[in-house]
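Peer 1: In case it helps, the working numbering puts the sequence shown at residues 1437 to 1801.
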Amino acid sequence: MAGGGPGGDAVGAVGAAPGAPAGSREKSSRRFETEVMTGVNAPTNQSAYAGMRALVTGGAGFIGSHLVDALIERGARVAVLDNFVSGKRVNVPPSAELFEVDLRDADAVRKAVEAFRPTHVFHQAAQASVKVSVDEPATDAAVNVLGGLHLLDAARRAGVERVVFASTGGAIYGEVPEGRKATEEWPLKPKSPYGASKAAFEQYLDVYRQNFGLKYTVLRYANVYGPRQDPYGEAGVVAIFAGRLLKGQPVTLFARREPGDDGCVRDYVWVGDVVRANLLAVEQGLDGCYNVGTGVGSTTRQVLAAVEAAVGVQAQVEPAPPRPGDLERSVIDAGKLMQAGWSATVTLAEGIRRTVAWFREHGEN
Ligand SMILES: NC(=O)c1ccc[n+]([C@@H]2O[C@H](COP(=O)([O-])OP(=O)(O)OC[C@H]3O[C@@H](n4cnc5c(N)ncnc54)[C@H](O)[C@@H]3O)[C@@H](O)[C@H]2O)c1
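1) Find the nearest neighbour of Leu-1585 within the set Glu-1621, Pro-1629, Gln-1639 and Ile-1608, judged by alpha-carbon distance.
2) Just to confirm, are Ala-1717 and Thr-1653 a CB contact at a threshold of 8 Å?
3) Check whether the stretch 1693-1707 and the stretch 1777-1796 touch, using three or more Cβ-Cβ pairs below 8 Å as the test.
4) Just mark Ser-1565 as buried or exposed, buried being the case when its beta carbon has 16 or more other beta carbons within 10 Å.
5) Could you tell me which whole alpha helix (DSSP H) segments of length 4 or greater appear in the stretch 1648-1718?
6) Which residues in the same chain have their Cβ closer than 7 Å to the Cβ of Gly-1494, if we skip the five residues on either side of it in sequence?
7) So, Ala-1490 versus Arg-1513, is the Cβ gap smaller than 8 Å?
8) Less than 8 Å between the C-beta atoms of Val-1557 and Ala-1591, yes or no?
9) So Ala-1578 packs on Glu-1550, CB below 8 Å; how close in whole Å?
10) Starting from the N-terminal side, write out each stretch of the beta strand (DSSP E) that is 3 residues or longer and does not extend beyond the stretch 1468-1549.
11) Taking the runs of the beta strand (DSSP E) that are 3 residues or longer, which of them lie wholly in the stretch 1545-1627?
12) Does the stretch 1622-1642 touch the stretch 1664-1679, meaning 3 or more C-beta pairs lie closer than 8 Å?
13) Is it the case that the Cβ atoms of Val-1504 and Val-1492 are separated by a distance below 8 Å?
14) Could you tell me the alpha carbon to alpha carbon distance between Ala-1780 and Tyr-1726, rounded to whole angstroms?
15) Cα separation between Arg-1765 and Lys-1651?
16) Assuming Gly-1555 contacts Gly-1662 under a Cβ cut-off of 8 Å, what Cβ separation, rounded to an integer in Å, is found between them?
17) Who are the near neighbours of Gly-1721 in its chain, counting only those whose CB is closer than 8 Å to its CB and skipping five residues on each side?
18) So, helix, strand or coil for Arg-1790, using DSSP?
19) Under 8 Å by Cβ, that's how I've got Ala-1691 and Val-1728 pegged, so tell me the actual separation to the nearest angstrom.
20) Tell me whether Thr-1736, by its Cβ, gets closer than 7 Å to a heavy atom of ligand 1.
21) Between the C-alpha atoms of Leu-1534 and Gly-1699, what's the straight-line distance to the nearest angstrom?
22) Suppose the cutoff is 8 Å on Cβ atoms and the five residues either side in sequence are ignored; what does the same chain contact list for Asp-1642 look like?
23) Return the CA-CA distance between Asn-1481 and Leu-1715, expressed in angstroms with no decimal places.
24) Check whether the Cβ atoms of Arg-1702 and Gly-1610 lie closer than 8 Å to each other.
25) For Asp-1543, count neighbouring Cβ atoms within 10 angstroms of its own Cβ and tell me buried if that reaches 16, exposed if not.
26) Could you pull the start and end residues of the beta strand (DSSP E) that Val-1753 belongs to?
27) Going by C-alpha to C-alpha distance, which of Pro-1695, Leu-1587, Gly-1724 and Arg-1553 sits closest to Thr-1736?
28) Run the proximity test for Asn-1659: is its beta-carbon closer than 7 Å to any non-hydrogen atom belonging to ligand 1?
29) Is Thr-1604 near ligand 1, going by C-beta to nearest heavy atom under 7 Å?
In structure tokens form, the structure reads like this:
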């Protein structure tokens, strides 16, 4: 059964309003998303986007596709590089160029970068599941480390100005004790191969900066949630709970320590706020490493209660033991990014309400 582990990260879902013709489906779907994404589409430093050629890897996925929409809205030329392992074609707007490429194919990555000649690379593509990384660490490293290096090498040869990298604040620091929030200086102590591969790639980014002058921003996301997240994945508990409760199905609640407890503690951040962090990185030319989170810890059971309230039902809960690789508690401090002008604009209750509204609109998609 699909579980409710807060896990690391998630996979992309989709959609178009049921029953509408294809063209209008796309339009009405994106209009609705602009509505639920209020805040992201407010005008910012528009001049940063003039002449920008943005390559978004993973642009067919959950977070990447929202970023693609926001970049296009601001006037950037956008290309998506994705192999659709979890991303969806419907997530790629017609105005974005598409390179259907697997990051593990060095030649194909190089050709795509040479063809598009990006000024900026937003590297969102990843093997993004903690569970898969525990089961298949070599696959995780092949995509997240070697695949990332293929991209980085092509980027520096093509003279890319900046790489913005989607790292993880949720899986890179290890356990964060009660009452504390991890800052960027917190020792890196990943508990999963996924966290380890993200940490390794951060190091490579700095090596490329030192050797080739390639600028980078590392954004360490907390647990991201919102529209288009996959309700059938191994992680992405808001989407999983929303999907199951809307269908009247029971949910699994993975324990923090013992089955029946309230589950792990995570810092849940709205996808629109994560997109704004990416935009800020290029608008202000932010160098180095930044946490992207709310600083607020919520248990899996608290998330479930908010989804229950938004859906208007009470869930049937199936308690389960802790999952290997899952941290007990992860909450991060985004003070450094806030000093650059960022803030989390959407509370968990409001974000869950918007996410459930999106899932109602998109049904099984
Ligand atoms: N969702 C979260 O809570 C969260 C938290 C921290 C970090 N992140 C990171 O953010 C990024 C985006 O995550 P997401 O939640 O949108 O996941 P997602 O699975 O929806 O998106 C990942 C995208 O990458 C593509 N992809 C995967 N492997 C690929 C490969 N070998 N070659 C080309 N494309 C490939 C997928 O098809 C998908 O479109 C990832 O790097 C993830 O590690 C996510």
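All residues carry an ideal CB built from backbone N, CA and C; glycine is no exception.
Peer 2: This is what the structure gives:
1) Checking every option, the nearest Cα to that of Leu-1585 belongs to Gln-1639.
2) Yes, the Cβ-Cβ distance between Ala-1717 and Thr-1653 is below 8 Å.
3) The stretch 1693-1707 makes contact with the stretch 1777-1796, as at least three CB pairs between them are under 8 Å.
4) By the neighbour-count criterion, in which 16 or more other beta carbons inside 10 Å mark a residue as buried, Ser-1565 falls on the buried side.
5) Within the stretch 1648-1718, the complete alpha helix (DSSP H) runs of at least 4 residues are 1673-1682.
6) Excluding positions up to five away in sequence, the list reads Gly-1500, Asp-1518, Gly-1523, Gln-1560, Ala-1561 and Ala-1562.
7) Contact flag set, yes.
8) Contact flag set, yes.
9) With a contact defined as Cβ atoms closer than 8 Å, Ala-1578 and Glu-1550 miss out at about 23 Å.
10) Qualifying beta strand (DSSP E) stretches, in chain order: 1489-1493, 1513-1518 and 1533-1536.
11) Counting only unbroken stretches of 3 or more residues, the beta strand (DSSP E) elements lying wholly within the stretch 1545-1627 are 1556-1559 and 1598-1604, in sequence order.
12) In this structure the stretch 1664-1679 does not touch the stretch 1622-1642; the number of beta carbon pairs closer than 8 Å is below three.
13) In this structure, Val-1492 lies closer than 8 Å to Val-1504 by Cβ.
14) Near 14 Å, if we compare the C-alpha coordinates of Tyr-1726 and Ala-1780.
15) Each residue's Cα considered, the two are about 32 Å apart.
16) Sequence inspection shows Thr at residue 1555; the Gly mentioned does not correspond to that position. Taking a contact as a CB-CB distance under 8 Å, the pair Thr-1555 and Gly-1662 does not count as one, their CB atoms being some 27 Å apart.
17) Excluding positions up to five away in sequence, the list reads Arg-1598 and Lys-1651.
18) If DSSP states are grouped into helix, strand and coil, Arg-1790 belongs with the helices.
19) Not a contact, Cβ separation roughly 27 Å.
20) Shortest gap from the CB of Thr-1736 to any heavy atom of ligand 1: 7 Å or more.
21) Near 40 Å, if we compare the C-alpha coordinates of Gly-1699 and Leu-1534.
22) Tyr-1652.
23) A straight-line Cα-Cα distance of about 9 Å links Asn-1481 and Leu-1715.
24) The answer is no: Cβ separation not under 8 Å.
25) So Asp-1543 ends up on the exposed side.
26) Per DSSP, Val-1753 belongs to the beta strand (DSSP E) from 1753-1756.
27) Of the candidates Pro-1695, Leu-1587, Gly-1724 and Arg-1553, the one whose C-alpha sits nearest the C-alpha of Thr-1736 is Pro-1695.
28) Yes; taking the cut-off as 7 Å, the Cβ of Asn-1659 has a heavy atom of ligand 1 nearer than that.
29) Answer for Thr-1604: yes, Cβ within range of ligand 1.
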